[in-house]
Amino acid sequence: MMMRKTTIISGNGKDGVDGKSKMRNEVLPSGRWPDHAQLLFQNHHNFKESGKPLRFKMYKDGSWMDFEKHVMDVLISAFVSRKGMIEVEIKSGFKLIIDFYRMFGIDLDNGNELPISWIDVNGNYFIPKMFIEDSEKGMRKRGIEVGSSSRLVITTPTELVQPKWARTRSMREDEYAYQTVKGYLLSSRSGVTITAIHECIKSGLMEQVFIDNVEMVTRDRGNPKVVLAWYGSSSRNLNSIMHRGFELTRIEPGHRGIGIHLSPLQSPQISEMMSDVDENGEKHMMLCRVILGNLEKVELGSKQLFRSSVDFDTGVDDLINPKLYVMWYHNMNTHILPECIVSYKLDRHMPGQQNCGAHTDDRWCRLLFKLPNLLPLTKKLELKSLHTSYEVGKVVAQEHFISKIQAIVQDDQLMRPIMLEFFPEMRFC
Numbered sequence: 001m002m003m004r005k006t007t008i009i010s011g012n013g014k015d016g017v018d019g020k021s022k023m024r025n026e027v028l029p030s031g032r033w034p035d036h037a038q039l040l041f042q043n044h045h046n047f048k049e050s051g052k053p054l055r056f057k058m059y060k061d062g063s064w065m066d067f068e069k070h071v072m073d074v075l076i077s078a079f080v081s082r083k084g085m086i087e088v089e090i091k092s093g094f095k096l097i098i099d100f101y102r103m104f105g106i107d108l109d110n111g112n113e114l115p116i117s118w119i120d121v122n123g124n125y126f127i128p129k130m131f132i133e134d135s136e137k138g139m140r141k142r143g144i145e146v147g148s149s150s151r152l153v154i155t156t157p158t159e160l161v162q163p164k165w166a167r168t169r170s171m172r173e174d175e176y177a178y179q180t181v182k183g184y185l186l187s188s189r190s191g192v193t194i195t196a197i198h199e200c201i202k203s204g205l206m207e208q209v210f211i212d213n214v215e216m217v218t219r220d221r222g223n224p225k226v227v228l229a230w231y232g233s234s235s236r237n238l239n240s241i242m243h244r245g246f247e248l249t250r251i252e253p254g255h256r257g258i259g260i261h262l263s264p265l266q267s268p269q270i271s272e273m274m275s276d277v278d279e280n281g282e283k284h285m286m287l288c289r290v291i292l293g294n295l296e297k298v299e300l301g302s303k304q305l306f307r308s309s310v311d312f313d314t315g316v317d318d319l320i321n322p323k324l325y326v327m328w329y330h331n332m333n334t335h336i337l338p339e340c341i342v343s344y345k346l347d348r349h350m351p352g353q354q355n356c357g358a359h360t361d362d363r364w365c366r367l368l369f370k371l372p373n374l375l376p377l378t379k380k381l382e383l384k385s386l387h388t389s390y391e392v393g394k395v396v397a398q399e400h401f402i403s404k405i406q407a408i409v410q411d412d413q414l415m416r417p418i419m420l421e422f423f424p425e426m427r428f429c
């Protein structure tokens, strides 16, 4: 069987006896590893940290299928005994060597590698990390379900424009899906001009994993709460996501937990702050389909890495009116499905337009676009909040405004030269 490649990565949400998740700082090492080493590390991590498996699945002929019961019993016994590999025979007549470390089975008849996955006693679903060799070709048609009421259908005509990112297709402005996605952003964000929308081309494996998890959460929770959400990042990181999936290449605290931070469809502001301006003056946000499941509140400044108990799936800043979703490490490539990437420019970045608001001078405009590439998320959000307050007149005195900027960045040696470039009147202690 020829395998196409996508990145399906799963860590774990290992829960202790008391139901509390254990913080583990060794989940991913810092720095960048070769793909084969990272694959082995992450899949082996699954084997080490998983609870006792309840079900094993094999990806074959385009879908995940359960192993036969007698094979399942052998696999569970070998796994619990911590055997790295075991040979099994399927009733249909072929033999497999199952490699738990690398999370695949080798067909002894033809040498094909067949991915395996499992669900453990804690309800965690462990998926292997794989790399898709070929993006899908030809005409495709699929739907995006948002809750139970709305539907977006993307059709794929012949490619006319060279895509900006791997495994994407540049959409035409006259396409219905283009206009629909454009409406999503413009209905919640004024003062922007959309420059391009790229559809994310997904493999059958990637969508099947997402569908399987929708069914699993539905079974466990009743309502999987599938929604559309924005993810903001740099152009380079979005390209990496299309190649390898979502990754935490280094673990550092966000402003509410450690994970993949997304914004609701109608409130893209936080994701926009996480989106860096590229060399062309463009910002980029990825529109994703997301399984929320049961929500738990994550406090400001939290360093939480996993769900707090098996009763929850996703973190939020507010249970009633969330402006932020926190997708935990073990769900980041099973509960998020990229749909398209929207590129846009703020109107003040368009030729001939420099207006930044009633109070703010052009120095702040230029500073606002330079700082996000260097600031951590917490400081980006503080500056954004300060800028919003200044524009609506809550902070009147220029000196007060600048002193607040200084208070945000004064401990960051990297920021001082940049701040002094725009505001030479500032004095750092």
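With the first letter of the sequence shown counted as 1, position 20 gets the number 20 in the working numbering; the numbers rise by one all the way through.
All C-beta atoms, glycine included, are put in the ideal place defined by N, C-alpha and C.
Checklist entry - What's the gap between the Cα of Cys200 and the Cα of Ser233? => result On the sequence shown, residue 200 is found 200 positions in, with the first residue counted as 1. On the sequence shown, residue 233 is found 233 positions in, with the first residue counted as 1. Rounded to the nearest angstrom, the gap between the Cα atoms of Cys200 and Ser233 is 16 Å.
Checklist entry - How about Leu337: is its Cβ closer than 8 Å to a heavy atom in the ligand MG? => result As far as ligands go, the structure on display features none, and thus does not contain the ligand MG.
Checklist entry - Cβ atoms of Ser271 and Tyr231: under 9 Å apart, would you say? => result Working through the sequence shown from its first residue, we reach residue 231 at position 231. Working through the sequence shown from its first residue, we reach residue 271 at position 271. Tyr231 is a Cβ neighbour of Ser271, given a cutoff of 9 Å.
Next on the checklist: Counting C-beta neighbours from all protein chains within 10 Å, is the total for Arg256 16 or more, i.e. buried, or is it exposed?
Outcome noted: As a first step, residue 256 is located in the sequence shown; it is residue number 256 there, counting from the start. Classification for Arg256: buried.
Item to check | Whole runs of the beta strand (DSSP E) within the stretch 305-346, excluding any shorter than 3 residues | outcome: Here the runs fully enclosed are 314-316, 325-327 and 336-346.
Item to check | the stretch 109-126 / the stretch 53-63 touching (three or more Cβ pairs under 8 Å) | outcome: Result yes; three or more Cβ-Cβ pairs closer than 8 Å.
Checklist entry - Apart from the five residues on each side of it in sequence, which residues of its chain come closer than 6 Å, Cβ to Cβ, to Trp118? => result Counting from 1 along the sequence shown, the entry for residue 118 is found at position 118. A distance below 6 Å between beta-carbons, with the five flanking residues on each side excluded, links Trp118 to the following residues of its chain, in chain order: Pro53, Phe56 and Phe126.
Next on the checklist: Taking its Cβ as the centre, do 16 or more other Cβ atoms sit within 10 Å of Glu339, making it buried, or is it exposed?
Outcome noted: In the sequence shown, residue 339 corresponds to position 339, counting from 1. Glu339 is classed as buried because its beta carbon has at least 16 other beta carbons within 10 Å across all chains shown.
Checklist entry - Looking at C-beta atoms only, is the number of pairs between the stretch 282-289 and the stretch 234-243 that lie closer than 8 Å three or more? => result Contact between the stretch 282-289 and the stretch 234-243 is present, because at least three Cβ pairs lie under 8 Å.
Checklist entry - Within this structure, are the beta carbons of Ile341 and Ile116 separated by less than 9 Å? => result Along the sequence shown, one-based indexing puts residue 341 at 341. Along the sequence shown, one-based indexing puts residue 116 at 116. No, Cβ-Cβ distance for Ile341 and Ile116 is not below 9 Å.
Checklist entry - Ends of the beta strand (DSSP E) at Leu262? => result As a working note, residue 262 is residue 262 in the sequence shown. Where Leu262 is concerned, the enclosing beta strand (DSSP E) starts and stops at Ile260 to Pro264.
Checklist entry - For Gln353, is the classification buried or exposed, using 16 other Cβ atoms within 10 angstroms of its Cβ as the cut-off for buried? => result Position 353 of the sequence shown, counted from the start, is the residue given in the question as residue 353. Reliability fails at Gln353, whose pLDDT of 36 lies under 50, so the model's placement of it is uncertain and no value is given.
Checklist entry - Grouping DSSP H, G and I as helix and E and B as strand, with all else coil, what is Arg169? => result On the sequence shown, residue 169 is found 169 positions in, with the first residue counted as 1. Of the three classes helix, strand and coil, the one that applies to Arg169 here is strand, per DSSP.
Item to check | Supposed close pair Val88, Ile76 - CB separation, criterion 8 Å | outcome: Against the sequence shown, residue 88 aligns to sequence position 88. Against the sequence shown, residue 76 aligns to sequence position 76. Incorrect: roughly 11 Å between the Cβ atoms, too far for contact.
Checklist entry - Looking at the structure shown, is Val209 part of a helix, part of a strand, or coil, going by DSSP? => result Taking the sequence shown and counting its residues from 1, the one referred to as residue 209 is at position 209. Of the three classes helix, strand and coil, the one that applies to Val209 here is helix, per DSSP.
Checklist entry - Looking only at its own chain, which residues have a Cβ that is under 7 Å from the Cβ of Leu324, when we skip the five neighbours before and after it? => result By 1-based counting over the sequence shown, the position of residue 324 is 324. Contacts found: Arg256, His261, Ser263, Ile270, Val316 and Asp317.
Item to check | Three-state secondary structure (DSSP) of Asp278 | outcome: Locating residue 278 in the sequence shown gives position 278, counting from the first residue. For Asp278, the three-state secondary structure derived from DSSP is coil.
Next on the checklist: Less than 7 Å between C-beta atoms, sequence neighbours within five positions excluded: which residues of the same chain meet that for Gln266?
Outcome noted: Taking the first residue of the sequence shown as 1, we reach residue 266 at position 266. Cβ neighbours of Gln266 beyond the five flanking positions: Ser188.
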